[in-house]
Amino acid sequence: MSALTESIRELRTNTRQWEAFTTRRHCAVLAPPGSGKTKLLTTRLAFDLANRIPKPHGAACITLTNAAAEELRRRVDLLGVEDRPHLFIGTVHGFALGRVIAPFATLVGRPELANITIANKQQCLETYEEAIAEVFKPYEDTRNVQSTIEFNRQRLATDEDWALSGEKIQEVARRYEVKLRTKGLFDFLDIVTIAVELVERHEVIRRVLTAQYPHLYVDEYQDLAPGLDRLVRSLCFDYVVNSELFAVGDVDQAVFGFTGTRPELLDELAARSDVTAVHLERNYRCGAEIIRIANLMRQGKPPIVGDRDGGSVSATRCPNGFDDQCQRSVQAVNNAIARGIPLHEIAVICPLNSQCGQITEALRAAEIPAFVRGSEYRLTPVTAFIEGCAAWATLGRQCSNYRLGELLASWRTFLGARWSRADDVRLTELLMDYEKFGERPAYHLVRELLDLGVQRALQQEHLPTIRSRSGRCMMLSL
Amino acid sequence: MRIDRLLIRNFRNLAHIDLRLLPGTVVVGENRAGKSNLIHALRLILDPTLSFVDRQLSKEDFWDGLSDGTDSWDPMTEGHMIEASIDIVDFEHDRKLVTALGNALLEEKPMRARLTYRFAPVDTGEDAAEAHKYRGAVYGGENLEKTIPTELRSYLHLVFLHALRDVESDIRNWRRSPLRALLEAAATAVAEEDLSNVREAMREANEQLNDLEEVKDLGHSIGDRLVEMVGPNQAIDTELAVAPDDPLRLIRNMRVFVDGDAHRSLSSASLGTLNVLYLALHELGLDIRLLDDSDIAHVVMAIEEPEAHLHPHLQRLIFRRVLDDKLKTRTTLVTTQSPHIASVADPKSLVALRTVGNQTVAAAAQSASLNRAEWDDIARYLDATRAELVFARRVLLVEGFAEQVLLPKLAKSLDMDLDKLGISVCAIHGTHFGAYAQFCEALGIPWAVVTDGDIDKNGLSNGETRARALVDLLDETGEPAEHGIFVGDRTFEYDVLVGSAGNFTPCFGTLAELCAAPSVEVIQSWGGNDPGHDDFMRMINNAGGKGRYAQRLALQQVQPPKYVINSLRYLEQQ
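The listed protein sequences correspond, in order, to chains A and B. Everything in the first sequence is counted per this note's numbering, starting at 3 for the first residue and increasing by one. Everything in the second sequence is counted per this note's numbering, starting at -9 for the first residue and increasing by one.
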C-alpha cells in the first residue's frame, strides 16, 4: 500500500480527523497538541494535489518557522508528492517575498521592491539604536521601545493604536524606517506589510495567486501575524475568485502573543459561517497520566482523549532555589539516561532564557551534552544545511536521516549561479572523508564549509531569496 | 490567447526583429532570408521537445554583424547575448494560462505576458571574466533572473512541423505518430462490454483458422522442429494467430490504409497525400488533447514550408483552414515560398523577410493603416493573382491589363529585364492605388505607380490630382515623382503612340491588323500622323478594346514614353 493510502486509512479511524479530511470548503481545524494535525495537514495536501488540483495549478502550504517548514516538506515528500512549479511549502516570509513581492513588484509599478535585501538582526538592532538615540535623552528608559514598535508593526496597528504608545515611540518608528531604507534594507516585518499592501491593492495579484494556488494550507494559524491573516482573507474570502483554505492551529498553543500576534484570529476564523470548524480531541502523543493532568489545566475546555497508557507526572519541591532545581534536574536526566533513553529525547524546559543557560552549564558540568535550541543560533536553511552535513558526515549515511542528494541540492541553491559540478565534488569529498579526522570539535566542520563556499553564498548581496531546485523559496542568513 | 509580438536580437541573420503577429501568420521570404531561423527562435522559447542542451547555442549562432572583423573575434568573450521573446495577450479568462504565465506578466490590465529566451553570460559575481560561462534559458516578464520552468511553458504547446519530413515513418513510428494519441484515446473510450465481444470474435477467428487442416499441420511442424533443434526443455511455446485477441492491443496496432478496398499500405501513397493525412491526424490529435487533457491550454503550430509535394489546390484548401483565425485555441505560423498559401492568407497576417546588407529585415503587412474594405479588396486581389505582389522584389503598380502586358516589352527596349530585376507589374484594375501602395510600404516592397493623366473637359489632369492625393495619404511632401508616382499626359495607349516618333508605324500597323475594312480606311486616312487623342482611342475600341490591342502591340518594337521610362529607372534604383 502506498504511503498516502495508508495515511488516509489511518485518518479514517478518527471521526474528527476524517471530518476535517473530507470537508470540501474552507476548513479550520482546532488541534490540541499531539492530535495529529501535521499528519492531517500533509495528508490532505497530498490527497488534494493528487485528486483535486489539476496541473498547472498548485498549492501553498504556509507555516511560521523554517524548522516547521522543513518538517512539513519532509512529511509531504514521504507521502510521495510530486513536485510542481506552483507548489509552495515554506514560511510566511518566504511566501510573502518569493511568491508575492518579487514576482509582482515590477508589474504593479514598484520595481524597487523586486530585489530587496533583508537586514540581519544586528543591522536592525543598530538602526533601532540610532533612531532611539536621536529621539530619547540618554537618561530615559528605552528598554521597551523596540519591542513596542515591533509589536505595533506586527499587529499592523492603526493610527489610534500607535497613538497609545506615545509620540516619541512613533517618531522612533518613523526614523527607523527611513534609516533602514537609506541603507537599502528591509526587515522581516516590512516583508509582510508590503505583501499585504500589494495583495490588497492589486486585483491582478489576487487573480494570479488564486489561479496559481487555488488551495491554501496554513499551519500554526494562532501564531501567524495579523498581516498573514489579512493576506489569507484577501485570497480566500474575496468576492471574485477564492482559494480554498485549510487552516490548523490551537489558540492554547500560541507562543508568540508577546510579539504582537493575535491568537484569537483563529477563533474568529473558525466562527465564520463559510468555514467548517473541526475540533480534534484525541491525543496520540502522551500517556494517560499526562493527559489527565493536562485536562485539569484546560479549565472548561472540552477534554482531550488519550490514546496510550502510562506516563507519569511528578512535582519535586526544591526549597534551596534555582541551583537546587538545576541539581535535581541533572539527577533526573541521569536517571533517564540510565533507563536507556536516548539523549535527543530528553528535554528540560525553563520559563526564561537565562535559566536555560544556567541549567545547560549544570548539565555540561555533569558531562551530559546539552544544547539550547534557539539561543545559540537560529535555524535557517544555512544552519539546517550545516547540521545536515554534520549529521551525514559523522552519524553515518544510513542512520543520519539526511540524504546526500538533498544536501547537494541545497548546496546548489546556496551557490546559485556560481555553482559548478566541481563544487558538488568538493562537498561530497569533504563529507565522505570526514571520518578520518576522528573526534574533533564541530567548529572545524563549520569553518571548512564556510571556506568551501557557504561564506561566499552568505556575502551575496541582493540575493535574499533564491529558488531552490524544487521551486521553493528560502531566505539566507546565518 | 494569442501571440502579439515577436522580438529577436542577434540570432544568426536576425539582428533585430520586432514583429506584431496575428493568430495565423504567414512568413514569406526568399531562400536564406531567415524564415527557418525565425521559427527556430520561436522554438527556443516554446518547444517542449528541445532539451536543455539544445538551448545552449554556440558562437556560430551570433549575428555576424557584431563582429569587429578580426579573425580572432569571439562574441562570447565580448559578452554579447542572443534574445528571443514573445508577448502573449488575451488569456485572462483562462485560469490555466493565468497560472502558467502569472509570473511572466508585463502589464496588468489587460494582462500581457512575456516569455524571453536568452543566451547570455551567467552573472557569477566573480570579477575576472576572461571566459564567460553562458547559459540559455527562458525567463518570464521583465525579470531576467528567474527562469520559467518547462513544465509551465508547455501549457502553450508548440508543435513544429519541419519542412521535408518523412511522413510515412513518422506515422509508423509509434512514439512519434500523431495516430498514437488518437488510437489510445479511442481504446480508453470503448466500453468493457464491446471489448469482450471483440475479444470473443477474435478468439473465434483465431480458432477457426487454426482448425484448418493445413494451418494445423504448419503449427505442429513449427513446434516439432523447435523441439528437434533444442530439445523439449528449451523449446519455446509457439502459437499461430492472426492477431492477439486482447482488443486494446488490437486497437493500438491498427494502421492507416489507403485506396479503399485495396487496403494499400501508406508507402504506396503519394507524398502529397501523406502530407495531408499527417496534417489531418495532427489536427485531430490536438483537438482531443485540448478537449480532454489538462496538460495543454493553447497550441502554437509552427509549420515550415509545407508546400512540398502538394498540389496548388490542396495547398489553398488546407491552408485556408489551417490559417482560420476563428480558432481561438490555436496560433499558427507558417513559412512559405508558395504563392498559393500566401494567396489564401489574410493579407494582414503576411510578414515579409528580406536581406538588407548583412541582416534580415522583417515587415508586417498589418502595420498598414487600411480600412476593412481596403483589406478585403487586397485579400481578393491576392487571391485572384496568386499573391504575386507579395513575392516581388519591386512592384510597378499599373491601372489595367494593357500596361501589364506592354510594360515588360517597353522595358526590354531600355535593356531592362523585369524578371531579372525582380520587378512585378501588377494591374489593380482601377486607380485606387492608395491601399496597394500602403500595403507594399508595410511589407517593405519598393513600389512605383504608373497612372494616366486623364484630362477632364476643363483641361485639368485628374492623374496629377490623384498623384498628389497619394503623396498626402502617405504623409509625404514634395513632387509625386520623388515618391515613385508617375503620371502620363493623357491615356497610356495614346501616350505610347506619341511617346516616340518611331511608334506611329507599329501602333497604326497593329490597329489596322485588328480592325475591319472601314476602320482600316480611316487609319490609312491619318497618313501616319497623330489623329488626336479621342479619335485614336475610339479606334482602339473598334479594334476590340485596349487589352486586345496591347497584346498584339507587344509583338512589335515600341519605345516607352518618358513617364514610363522614369518609373522603370526609379524602380531600378530602389
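A virtual CB, placed ideally from N, CA and C, is assigned to each residue, including glycine.
Check, Outcome
"Nearest by alpha-carbon distance to A287(B): which of K41(A), H59(A), N53(A) and A135(A) is it?", "H59(A)"
"Counting Cβ pairs, one atom from each stretch, are 3 or more of them under 8 Å apart for the region 88 to 104 of chain A and the region 196 to 204 of chain A?", "yes"
"With a threshold of 16 other CB atoms inside 10 Å of the CB of H217(A), please say whether the residue is buried or exposed.", "buried"
"Do you know how far the Cα of S414(B) is from the Cα of V248(B)?", "42 Å"
"How about L109(A): is its C-beta nearer than 8 Å to some C-beta of chain B?", "yes"
"Please name the residue in D442(B), I555(B), R384(B) and A392(B) whose C-alpha comes closest to that of Q564(B).", "R384(B)"
"Y145(B) and K49(B) look like a contact to me (Cβ under 8 Å); what is the Cβ gap, rounded to whole Å?", "That pair is no contact at about 33 Å."
"Rounding to the nearest angstrom, what Cα-Cα distance links I91(A) and E73(A) in this structure?", "10 Å"
"In chain B, what lies closer than 7 Å to Q214(A) by C-beta?", "T89 and G92"
"Is I35(B) a contact residue of the ligand MN, with contact defined as CB to any heavy atom under 7 Å?", "The model depicted lacks the ligand MN and carries no ligand whatsoever."
"Can you grab the Cα-Cα spacing for the pair P551(B) / G535(B), in whole Å?", "21 Å"
"Which runs of the alpha helix (DSSP H) fall wholly inside the region 381 to 440 of chain A and span at least 4 residues, in chain order?", "383 to 397, 406 to 417 and 423 to 434"
"Three or more beta-carbon pairs under 8 Å between the region 3 to 17 of chain B and the region 270 to 278 of chain B, yes or no?", "no"
"Using a cut-off of 9 Å between C-beta atoms, extract the partners of A98(A) located in chain B.", "Here the premise fails: no neighbours, minimum Cβ distance about 15 Å."
"Taking C-beta pairs closer than 8 Å, name the residues in chain B that V206(A) reaches, listed in chain order.", "L95, E98, K99 and M101"
"Could you check how far apart the C-beta atoms of H70(B) and L56(B) are, in whole angstroms? I think they sit under 8 Å.", "5 Å"
"Could you check if P321(A) is buried or exposed, using at least 16 other CB atoms within 10 Å of its CB as the buried criterion?", "exposed"
"Tell me which residue opens and which closes the alpha helix (DSSP H) that R203(A) is part of.", "F190 to R203"
"Is it buried or exposed, I171(A), if we count other Cβ atoms within 10 angstroms and call 16 or more buried?", "buried"
"Can you list the alpha helix (DSSP H) stretches of 4 or more residues lying completely in the region 232 to 303 of chain A, in chain order?", "266 to 273 and 290 to 299"
"Buried or exposed for A335(B), going by 16 or more other Cβ atoms inside 10 Å?", "buried"
"If we cut at 8 Å on Cβ distances, does L(-3)(B) have a partner in chain A?", "no"
"Among R320(B), F429(B), A382(B) and L404(B), which residue has its Cα nearest to the Cα of E366(B)?", "Rather than Glu, the amino acid found at residue 366(B) in this sequence is Asp. When each option's Cα is compared against that of D366(B), the closest is F429(B)."
"If you draw a straight line from the C-alpha of N452(B) to the C-alpha of T481(B), how long is it?", "11 Å"
"Span of the beta strand (DSSP E) holding D77(B)?", "I72 to V79"
"Name, in chain order, the residues that DSSP records as bridge partners for N133(B).", "G130(B)"
"Can you say whether F387(A) is buried or exposed, counting buried as having 16 or more other CB atoms within 10 angstroms of its CB?", "buried"
"With a threshold of 16 other CB atoms inside 10 Å of the CB of H30(B), please say whether the residue is buried or exposed.", "buried"
"Decide yes or no for the touch test of the region 79 to 90 of chain A against the region 106 to 118 of chain A: beta carbon pairs closer than 8 Å, at least 3 of them.", "no"
"Work out the CA separation of R284(A) and R18(A) for me, nearest whole Å.", "9 Å"
"When the cut-off is 8 Å and only beta carbons count, does A116(A) lie next to chain B?", "yes"
"Spell out whether any CB of chain A is found under 8 Å from the CB atom of P139(B).", "yes"
"Whole angstroms is fine: what's the gap from A354(B)'s alpha carbon to E431(B)'s?", "10 Å"
"Report the option in I(-7)(B), R(-8)(B), N3(B) and Y484(B) whose CA atom is closest to the CA atom of A352(B).", "N3(B)"
"Exposed or buried, which one is A565(B) when buried takes at least 16 other CB atoms within 10 Å?", "Chain B is shown from -9 up to 564; residue 565(B) falls before or after that span and cannot be answered."
"Please give me, in chain order, every unbroken run of the beta strand (DSSP E) with length at least 3 that falls completely inside the region 292 to 338 of chain B.", "320 to 326"
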